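Chemist: Per my numbering, the very first residue in the sequence shown carries number 19; after that it's consecutive.
Even for Gly, the Cβ is constructed at its ideal location relative to N, Cα and C.
Note that this is a predicted model, so its numbers are computed, not measured.
First the structure, then my questions, so here it is.
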Amino acid sequence: MPSNFLVKARTALDQLPDALQRARSRYSVKRDGVLALPMGVLEVLADISPGVRMGGLRRLPPSFRAGLAGAEVATWGAVSPSLLPHSWWATAANVGVLQGLGHGFATVASQALRPVRSDEPQSLLPGPVRLAMTGVTAGVFVTSLHRRAHQEKLVESDEKFKVSPQILGITVGTLGYGVVLLVGDAIQTFIDAINELLGKKLPPVASWPLAIAGGGALLILVGDQMVVRRFAVRVSRQAQELDREFMRGADQPKRPERSGSPESLVDWNTMGRQGRAVVAGGPRKEDIERLVDGGAMEPIRIFVGLDTERDQAPDFEEMAAVAVEEMHRTGAFERSHIAVMSAAGTGWINDFHTSGFEFVTRGDSAVVAMQYSYLPSAYSYLADRKNPVNSSRVLIEAIRSELEQLDPETRPKLYVGGESLGAYGVSDAFETVEEFLEQTSGGVFTGTPGFASNHSYLTRHREKGSPQRLPLIDGGRHVRFTAHPAHLRHDFRGHSYANTWVEPRFVFAQHASDPVVWWEPSLAWKAPDWLREPGSRGEPAARPALGRAGHDALDAAGDVLADRHRPAAVEGLPLTPRAQLPRRNRRLLERGHPRRGRRRG
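See the structure below:
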């Protein structure tokens, strides 16, 4: 069979100009009915599957030079500026994928546009055109280096900009593109072999579709069992092993107001690596008293870890029941403010959320959270996107059930908050925007992913004229989107909000360069509004950076991979002088201390 394939490959070089003509004569409406066109298309797709070919059979174009030209053009987009600077491996992934797609599209277009009856071999691009393309490629690369250096400065990178990582990324990505060509050729050979076997018993009109379907199904099955599942098991095992480790500096708390303490109902060893860090960190009563006037209380922090094996589904109802018992033990329901925080995938919670809340409430607060996964956020979302939402919903409902039994005049106010996947989980714990407006007193969500339903709903229904990056909702009455603390007081234009900010108050903090916020599946087929809107200084969006459906999704996905939570990428406020205490949290609570005579909402 290999020798037979090599013979076909050699003869293909001479017979390719007539390949499409033979395919055209092979199928006809008179003989094959309405299946003539799709069968012809499937046969061509089988020859170039998965969009690239290095060897060739009788239906392949004379060369894949068109594909190479398409790959070169795609490289221009791969190195164009994006939301964040890419590391070398993110650049390599972007280059490899886009070069492969460019090759595939150019190959298909070349096949479609070449005259069917032409006996002339496919001509090379004229010399001047090739020279011009080379010049453009060099210019794009130099420009990308200049813009990359500027981006590094804007995001306050601690690393000195170097050219070598970018060159390495492009080189490795191009090698990956070559691997894609080889894999495509191997897949084509496999499908051809199946078709040859089936062709002994079936006509081409039946053998080719069966070869494609059967071969494709077998490849998917093998890939799923041998690659995807093994990779998933390995990642899950490593994540659980890391979760069981003890983080340096995260010592077991001694004060009873913390989960994991000797008095706690939650075993210190079951809280997970990040959960232990949550309860071990943060300000104590004396820390708060050094920064605020008047007395302070010892903040309460409650965290319930995911104490299950990898193959066991988490019991969120049981975990929430433990959290409620801890709240009763620590006196959380006797505090003025309770905040339900949703963690990122591994249980990580940004200390700006928890500590800021505790400072502005003078410690008269309780922070409650549960772990829903061992995996990092990206893997957690792919593995089960329901767990972040379900865990938050179960915990919130359990706490609200307890609050409803208390006197409305004196019971604590309930707040919610989270960052990244945590913001998605806690915001979508409510079925509708109206529901979380009715059931809580406020919330702070930072870097909410674009796929979060309530965030998306608010963005789609923003006031006309307000940008996607900073939507204006009902004149700022309850919900305000911010990229800077000043946006708590005025909108994106610098104008005062039309309405007074009243309870419940919610803040969606999102930076214009945070890829977690802006990546969503729809980027694959349409350009978002934020690519067409002017920036904060009235400057138009940089069209060369993105602006092409499909490429947008890949580039933004690369940005998500490159995101390392840099300070300028997702804004955080320092917990230093009182004037700089996290203003978002303070503004949520500025109506006053409810235990000093204020009516609770």
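If we count Cβ pairs, one from each stretch, closer than 8 angstroms, do we get three or more for the stretch 349 to 366 versus the stretch 383 to 393?
Modeler: With a cut-off of 8 angstroms, the stretch 383 to 393 and the stretch 349 to 366 count as touching, because enough Cβ pairs lie within range.
Chemist: Among all the DSSP beta bridges, which residues are the ones paired with residue 431?
Modeler: Translated into positions along the sequence shown, residue 431 becomes position 413. Answer is 355.
Chemist: Helix, strand or coil: how does DSSP classify residue 490 here?
Modeler: The sequence position of residue 490 within the sequence shown is 472, counting from 1. Residue 490 falls in the strand class under three-state DSSP.
Chemist: Are the Cβ atoms of residue 113 and residue 196 separated by less than 9 angstroms?
Modeler: What you label residue 113 is simply residue 95 of the sequence shown in a count that begins at 1. What you label residue 196 is simply residue 178 of the sequence shown in a count that begins at 1. Cβ atoms of residue 113 and residue 196: not closer than 9 angstroms.
Chemist: Can you give the Cα-Cα distance for residue 491 and residue 519, rounded to whole angstroms?
Modeler: Translated into the one-based positions of the sequence shown, residue 491 becomes position 473. Translated into the one-based positions of the sequence shown, residue 519 becomes position 501. If I take the Cα positions, the gap works out to 11 angstroms.
Chemist: Since residue 363 contacts residue 393 with CB under 8 angstroms, what's their CB separation in whole angstroms?
Modeler: Working through the sequence shown from its first residue, we reach residue 363 at position 345. Working through the sequence shown from its first residue, we reach residue 393 at position 375. 5 angstroms between Cβ atoms; contact.
Chemist: Enumerated in chain order, which unbroken segments of the beta strand (DSSP E) with a length of 3 residues or greater are wholly contained in the stretch 344 to 421?
Modeler: Qualifying beta strand (DSSP E) stretches, in chain order: 355 to 360 and 383 to 388.
Chemist: Whole angstroms is fine: what's the gap from residue 524's alpha carbon to residue 250's?
Modeler: On the sequence shown, position 506 is the one that residue 524 refers to. On the sequence shown, position 232 is the one that residue 250 refers to. About 37 angstroms.
Chemist: Kindly list the residues whose CB is nearer than 7 angstroms to the CB of residue 159, restricted to its own chain and excluding five residues on each side of it in sequence; keep chain order.
Modeler: As a first step, residue 159 is located in the sequence shown; it is residue number 141 there, counting from the start. Cβ neighbours of residue 159 beyond the five flanking positions: 97.
Chemist: Classify residue 275: buried if its beta carbon has 16 or more other beta carbons within 10 angstroms, exposed otherwise.
Modeler: Reading the sequence shown from its first residue, position 257 is the one you call residue 275. Answer is buried; the Cβ neighbour count reaches 16.
Chemist: In terms of residue numbering, what span does the alpha helix (DSSP H) encompassing residue 110 cover?
Modeler: Residue 110 sits at position 92 when you count from the first residue of the sequence shown. That run of the alpha helix (DSSP H) goes 106 to 131.
Chemist: Should residue 264 and residue 237 be called a contact, given that it needs their Cβ atoms to be closer than 9 angstroms?
Modeler: Translated into positions along the sequence shown, residue 264 becomes position 246. Translated into positions along the sequence shown, residue 237 becomes position 219. Result no, Cβ atoms of residue 264 and residue 237 do not sit closer than 9 angstroms.
Chemist: Going by C-alpha distance, which of 307, 360 and 308 is nearest residue 435?
Modeler: One-based indexing of the sequence shown puts residue 435 at position 417. For residue 435, the nearest C-alpha among the options comes from 360.
Chemist: With distance defined between alpha-carbon atoms, name the residue in 321, 473 and 230 nearest to residue 294.
Modeler: Start at 1 with the first residue of the sequence shown, and residue 294 comes out as number 276. It is 321.
Chemist: Taking C-alpha atoms, which residue in 287, 167, 483 and 351 lies nearest to residue 420?
Modeler: Against the sequence shown, residue 420 aligns to sequence position 402. The shortest Cα separation from residue 420 among 287, 167, 483 and 351 belongs to 351.
Chemist: How many Å lie between residue 540 and residue 474 at the Cα?
Modeler: Residue 540 sits at position 522 when you count from the first residue of the sequence shown. Residue 474 sits at position 456 when you count from the first residue of the sequence shown. If you take the alpha carbons of residue 540 and residue 474, they lie about 12 angstroms apart.
Chemist: Residues bridged to residue 508 by DSSP?
Modeler: Along the sequence shown, one-based indexing puts residue 508 at 490. Residue 508 is bridged to 514.
Chemist: Please state whether DSSP places residue 90 in a helix, a strand or coil.
Modeler: Reading the sequence shown from its first residue, position 72 is the one you call residue 90. Of the three classes helix, strand and coil, the one that applies to residue 90 here is helix, per DSSP.
Chemist: Using the Cα positions of residue 255 and residue 400, report the straight-line distance between them to the nearest angstrom.
Modeler: One-based indexing of the sequence shown puts residue 255 at position 237. One-based indexing of the sequence shown puts residue 400 at position 382. Each residue's Cα considered, the two are about 16 angstroms apart.
Chemist: CB residue 85 to CB residue 116, shorter than 9 angstroms?
Modeler: As a working mapping, residue 85 is identified with position 67 in the sequence shown. As a working mapping, residue 116 is identified with position 98 in the sequence shown. Cβ distance not < 9 angstroms, so residue 85 and residue 116 don't count as in contact.
Chemist: Using only alpha-carbon positions, find the residue among 280, 282, 286 and 253 that is nearest to residue 268.
Modeler: Residue mapping note: residue 268 aligns to position 250 of the sequence shown, counting from 1. That would be 286, whose Cα lies nearest to the Cα of residue 268.
Chemist: Assuming residue 207 is part of the alpha helix (DSSP H), what are its boundary residues?
Modeler: Along the sequence shown, one-based indexing puts residue 207 at 189. It spans 182 to 217 - the alpha helix (DSSP H) in which residue 207 sits, taken as one unbroken run.
Chemist: So, residue 483 versus residue 516, is the Cβ gap smaller than 9 angstroms?
Modeler: Indexing the sequence shown from 1 puts residue 483 at position 465. Indexing the sequence shown from 1 puts residue 516 at position 498. Contact flag unset, no.
Chemist: Can you give me the Cβ contacts of residue 402 inside the same chain, cut-off strictly under 8 angstroms, excluding the 5 residues immediately before and after it?
Modeler: Along the sequence shown, read from residue 1 onward, the residue named residue 402 stands at position 384. So the qualifying residues of the chain are 391.
Chemist: In three-state terms, what does DSSP make of residue 526?
Modeler: For the purposes of this step, residue 526 is identified with residue 508 of the sequence shown, where counting begins at 1. Residue 526 falls in the strand class under three-state DSSP.
Chemist: Would the beta-carbon of residue 309 fall within 9 angstroms of that of residue 377?
Modeler: Counted from its first residue, the sequence shown places residue 309 at position 291. Counted from its first residue, the sequence shown places residue 377 at position 359. For residue 309 and residue 377, yes; Cβs fall inside 9 angstroms.
Chemist: If you follow the alpha helix (DSSP H) that residue 454 is part of, which residue opens it and which one closes it?
Modeler: Translated into the one-based positions of the sequence shown, residue 454 becomes position 436. Residue 454 -> alpha helix (DSSP H) spans 451 to 457.
Chemist: If we call anything under 9 angstroms between Cβ atoms a contact, is residue 284 one with residue 340?
Modeler: In the sequence shown, residue 284 corresponds to position 266, counting from 1. In the sequence shown, residue 340 corresponds to position 322, counting from 1. Yes, the pair counts as a contact, with Cβ atoms nearer than the cut-off.
Chemist: According to the neighbour-count rule (16 or more other Cβ atoms, all chains shown, within 10 Å of its Cβ), is residue 532 buried or exposed?
Modeler: Looking up residue 532 in the sequence shown gives position 514. Burial call: buried.
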